[in-house]
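Residue numbers (this note's numbering), protein chains in the order written: chain A, 71 to 179; chain B, 1203 to 1318. Backbone N, C-alpha and C define an ideal beta-carbon position, used for all residues, glycine too. Keep in mind that this is a model prediction, so the values were computed, not measured. Before any comments, here is the structure.
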């Protein structure tokens, strides 16, 4: 069964807007990771946040982690058409990385 | 580095045939994972290896599925006999380290399997 659940399942925005995706999980974790998948390709790692961290930035990406609520969010600022993809959170526990079903983001030019 | 390499990229086969998927992980990565992706079930972890040894195969759906890692640079996932419900995209991924100090997974581009 999925450990992480992303919300929303789909998101459509205009170029230049911010996109926020949320992830909830059920059990304790070592870290939480976000990945991106373009159509027909493998997943690409975006950012990793460890269980003792609360916020992390990488370029236009901002990830938060609230272990008390067992939730994380991914914010993409100033979105571009090239950001169109599916985004997955993955919870890392006991060596296994378990993925949610993803949020499909569409950025309209 | 060429990244994780999977072959073939596409495989179409008839029900009952044997299918073998191949993966070459990134050199120096100690962990190798096999995932299956479908619209209905998302990404499912099938099995993973550490230093060529299978650690957890609890995600392998049935005895028709088997995976091997004869050396650090090669792994196979075999389905025998294949069934239409095995149709999916199969991903291989490798990682340098796991646990609290885990490094990210690096994915191949997958093998799209269609069983008719």
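Legend entry - Where residue 152/A falls: helix, strand or coil (DSSP): The three-state secondary structure of residue 152/A, taken from DSSP, is helix.
Inset, instruction - Can you give me, in chain order, the residues of the segment 1297–1311 of chain B that have a beta carbon less than 9 Å from any beta carbon in chain A? - result: Across the segment 1297–1311 of chain B, CB contacts with chain A closer than 9 Å involve 1297, 1300, 1301, 1302, 1303, 1304, 1305, 1306, 1307, 1308, 1309, 1310 and 1311, in sequence order along the chain.
Legend entry - Reduced DSSP category for residue 162/A - H, G, I as helix; E, B as strand; rest coil: In the structure shown, residue 162/A falls within a strand segment according to DSSP collapsed to helix, strand and coil.
Inset, instruction - Mind checking who residue 1238/B pairs with in its DSSP beta bridge? - result: DSSP output for residue 1238/B lists 1246/B and 1292/B as bridge partner(s).
Inset, instruction - Kindly identify the DSSP beta-bridge partner or partners of residue 1297/B. - result: Answer by DSSP bridge pairing, in chain order: 1233/B.
Legend entry - For residue 1316/B, the residue or residues it bridges with in DSSP: DSSP output for residue 1316/B lists 1214/B as bridge partner(s).
Inset, instruction - Could you tell me which residues DSSP puts in a beta bridge with residue 1279/B? - result: Looking at the DSSP assignment, residue 1279/B forms a beta bridge with 1223/B and 1269/B.
Inset, instruction - May I ask which residues mark the beginning and end of the beta strand (DSSP E) holding residue 137/A? - result: Under the DSSP assignment, residue 137/A falls outside any beta strand (DSSP E); it carries neither an H nor an E label.
Inset, instruction - Compare the C-beta of residue 72/A with all C-beta atoms of chain B and state if any pair is closer than 8 Å. - result: Reliability of the predicted coordinates at residue 72/A is poor, the pLDDT of 48 falling under 50, and the value obtained from them is presented with this limitation in mind. With 8 Å as the cut-off, residue 72/A counts as an interface residue toward chain B.
Inset, instruction - Whole angstroms is fine: what's the gap from residue 121/A's alpha carbon to residue 1207/B's? - result: Looking at the two C-alpha atoms, the distance is approximately 31 Å.
Inset, instruction - Put residue 1286/B into one of helix, strand or coil per three-state DSSP. - result: Here DSSP, grouped into helix, strand and coil, assigns residue 1286/B to helix.
Legend entry - Simplified DSSP state of residue 79/A, which is helix, strand or coil: Under the three-state reduction of DSSP, residue 79/A is assigned to coil, being neither helix nor strand.
Legend entry - Host beta strand (DSSP E) of residue 124/A (start-end): Going by DSSP, residue 124/A is part of no beta strand (DSSP E) at all; its letter is neither H nor E.
Inset, instruction - Could you tell me whether the segment 1206–1225 of chain B touches the segment 101–108 of chain A, using the rule of 3 or more Cβ pairs below 8 Å? - result: In short, these stretches do not touch, since the Cβ pair count stays below three.
Legend entry - For residue 179/A, three-class secondary structure by DSSP: Residue 179/A falls in the coil class under three-state DSSP.
Legend entry - chain B contacts from the segment 156–173 of chain A (Cβ-Cβ distance under 9 Å): Those would be 158, 160, 162, 164, 165, 166, 167, 168, 169, 170, 171 and 172, in chain order.
Inset, instruction - Would you be able to state if there are at least three C-beta pairs under 8 Å between the segment 142–151 of chain A and the segment 84–100 of chain A? - result: Counting Cβ pairs under 8 Å, three or more are found: they touch.
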